[in-house]
Amino acid sequence: MEPPSSSSTARSEPAPETDSVADLSRESTDEVVPRSVSIVVPTFNEAENVERVIARCRQAMDGRDYELLIVDDDSPDGTWRVAETASEDIDEVRVFRRQSERGLGTAVVHGFERATKDFCVVIDADLQHPPELIPELANHVTEYVDVVIGSRYRKGGRVVNWPLSRQLISRGAIALTKLCLAETRGLNDPLSGFFLVRRSVIDDADLDPMGYKILLEVLVECEYGHVVEVPYQFDERRFGQSKLTTDSCRAFVEHLMTLRSRA
Numbered sequence: 005m006e007p008p009s010s011s012s013t014a015r016s017e018p019a020p021e022t023d024s025v026a027d028l029s030r031e032s033t034d035e036v037v038p039r040s041v042s043i044v045v046p047t048f049n050e051a052e053n054v055e056r057v058i059a060r061c062r063q064a065m066d067g068r069d070y071e072l073l074i075v076d077d078d079s080p081d082g083t084w085r086v087a088e089t090a091s092e093d094i095d096e097v098r099v100f101r102r103q104s105e106r107g108l109g110t111a112v113v114h115g116f117e118r119a120t121k122d123f124c125v126v127i128d129a130d131l132q133h134p135p136e137l138i139p140e141l142a143n144h145v146t147e148y149v150d151v152v153i154g155s156r157y158r159k160g161g162r163v164v165n166w167p168l169s170r171q172l173i174s175r176g177a178i179a180l181t182k183l184c185l186a187e188t189r190g191l192n193d194p195l196s197g198f199f200l201v202r203r204s205v206i207d208d209a210d211l212d213p214m215g216y217k218i219l220l221e222v223l224v225e226c227e228y229g230h231v232v233e234v235p236y237q238f239d240e241r242r243f244g245q246s247k248l249t250t251d252s253c254r255a256f257v258e259h260l261m262t263l264r265s266r267a
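Residues in the sequence shown are numbered from 5 upward in steps of one, following the numbering used here.
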C-alpha cells in the first residue's frame with residue numbers, strides 16, 4: 005500500500021472497493037498486531053441494554069488490552085447506576101455520569117478525552133453495533149490506516165428490519181453529506197456510528213459536534229491517513245427506544261452546514 009500523501013488538511017483516503025474484508029487495508033493478514041483499545045459507549049436511557057453491552061464487550065475483548073468507558077447523560081432511568089453496579093470490581097470498565105452536558109456527540113468527546121489506549125472505538129449501547137466486530141476493526145489498522153469504519157452499506161453489510169421510510173432517510177442523509185463534504189465522497193457509510201480511530205489523530209483536534217454524527221466531525225476536523233470500511237450487519241434494536249427524532253434530524257442538518265462552512 006502506498007503511504008498517504010502529506011497534506012495540512014484533513015482528507016480521507018478510502019481503500020479501493022474489494023469483495024473481501026481481509027483485502028480492505030492489509031497487504032497480509034498472516035500476522036495481527038495486538039492493539040490497545042478504548043471503547044467509548046455513550047448512553048441515555050439504556051438501562052435495559054447497558055449490562056448486555058458491558059458483558060458482550062468484555063467477552064469480545066477477552067485477553068486483549070482494552071478499557072470500556074460508559075458515558076451517561078444522567079439518564080432518568082438510572083443507566084449510570086446500572087452500569088456502575090454491573091461493572092463493580094471490573095478494572096477495565098469506567099462509568100462517567102454527566103450532569104451538566106447533554107448529547108451523544110459531546111458524550112463521545114468526553115470519552116475520547118479520558119481514553120488511555122492507542123485506539124478509540126465508538127459503539128452504541130443498544131447493541132445494533134456488534135461488539136464482537138471490535139477486534140476485526142482493530143485488525144485492519146496498519147501504519148497508514150488511522151480510521152476504520154463499520155459500514156452498513158459496503159458490500160457484505162446490511163441493515164435488519166428497517167422500514168422503507170427509515171432506509172430512505174438514511175440514504176438521503178448520506179447523499180446530502182457527500183454533496184456537502186468532499187471528505188466523505190469516497191465512503192459508503194460516512195454516517196456510521198460504529199468506528200475506530202487512532203487516538204493520536206483526535207488528541208489535539210478541536211472536536212465540537214452539534215448532533216450525534218461524531219464520525220463526520222473526525223473526518224472533517226482531523227488529520228489522518230487512510231480510511232477503510234469493514235462491512236457489518238446493523239441489527240434490530242431489541243430493548244429501549246430509538247433516539248431518532250425530528251430534533252435530531254434538524255441537529256444533523258445544522259451540523260452538516262457548520263462542517264461545510266469550516267471545510
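Beta carbons are placed, not taken as given, at the ideal position from N, Cα and C, and that holds for glycine.
8 Å contact criterion, which residue i and residue j should meet: CB distance rounded
| i | j | result |
| --- | --- | --- |
| S40 | F123 | 7 Å |
| T47 | P213 | That pair is no contact at about 16 Å. |
| E55 | V97 | That belief does not hold up - the Cβ atoms of E55 and V97 are roughly 11 Å apart, past 8 Å. |
| I58 | A90 | 5 Å |
| V126 | G229 | Between G229 and V126 the Cβ distance is about 19 Å, and since that is not below 8 Å, they are no contact. |
| L219 | P235 | The Cβ separation is near 16 Å, so there is no contact. |
| L137 | C184 | About 28 Å separates the two Cβ atoms, so there is no contact after all. |
| L223 | T188 | 6 Å |
Identified DSSP bridge partners for residue i
| i | result |
| --- | --- |
| T120 | DSSP lists no partner for T120. |
| F238 | V163 |
| T47 | D76 |
| F199 | V126 and I153 |
| H133 | Beta-bridge pairing links H133 to no other residue. |
| R98 | L73 |
| S42 | E71 and C124 |
Beta carbon of residue i nearer than 8 Å to that of residue j
| i | j | result |
| --- | --- | --- |
| N53 | L131 | yes |
| P167 | A64 | no |
| V99 | E88 | yes |
| N49 | D81 | yes |
| G115 | L73 | yes |
| E239 | P135 | Rather than Glu, the amino acid found at residue 239 in this sequence is Asp. Cβ distance not < 8 Å, so D239 and P135 don't count as in contact. |
| L211 | V75 | no |
| E233 | R175 | no |
| D69 | K121 | yes |
Sequence-distant residues of the same chain with beta carbon closer than 6 Å to residue i, five excluded per side
| i | result |
| --- | --- |
| G160 | P235 |
| G209 | Reading off the sequence shown, one finds Ala at residue 209, where the question assumed Gly. Once the five neighbours on either side are set aside, the close Cβ partners of A209 are E225 and C226. |
| E35 | Because E35 sits at a pLDDT of 47, beneath the cut-off of 50, its placement in the model cannot be relied upon, and the point is left open. |
| R162 | Q237 |
| R266 | none |
| D128 | G197 |
| R60 | P135 |
| T83 | T47, E50, A51, V54 and D76 |
| P79 | For the sequence presented, residue 79 should be read as Ser rather than Pro. Cβ neighbours of S79 beyond the five flanking positions: F48 and N49. |
Contact with chain B by residue i, beta-carbon distance below 8 Å
| i | result |
| --- | --- |
| E55 | Structure shown: chain B not included; a single protein chain is present. |
Chain-order list of residues whose beta-carbon lies under 8 Å from that of residue i (same chain, five-residue window excluded)
| i | result |
| --- | --- |
| F256 | A177, G215, Y216 and K217 |
| D77 | P46, T47, F48, R102, E105, R106, G107 and A111 |
| A119 | S42, V44, E71, L73 and R203 |
| Q171 | V163 |
| R264 | C184 and L185 |
| I206 | F116, C124, V222 and C226 |
| T181 | T188, P194, L195, L220 and L260 |
Proximal residues to residue i (C-beta, below 7 Å), its chain only, five neighbours per side dropped
| i | result |
| --- | --- |
| R30 | Because the pLDDT at R30 is just 38, under 50, the model does not fix this residue reliably, and the point stays unresolved. |
| T262 | M214 |
Segment contact flag, the region 148 to 164 with the region 190 to 205, C-beta cutoff 8 Å, min 3 pairs: yes
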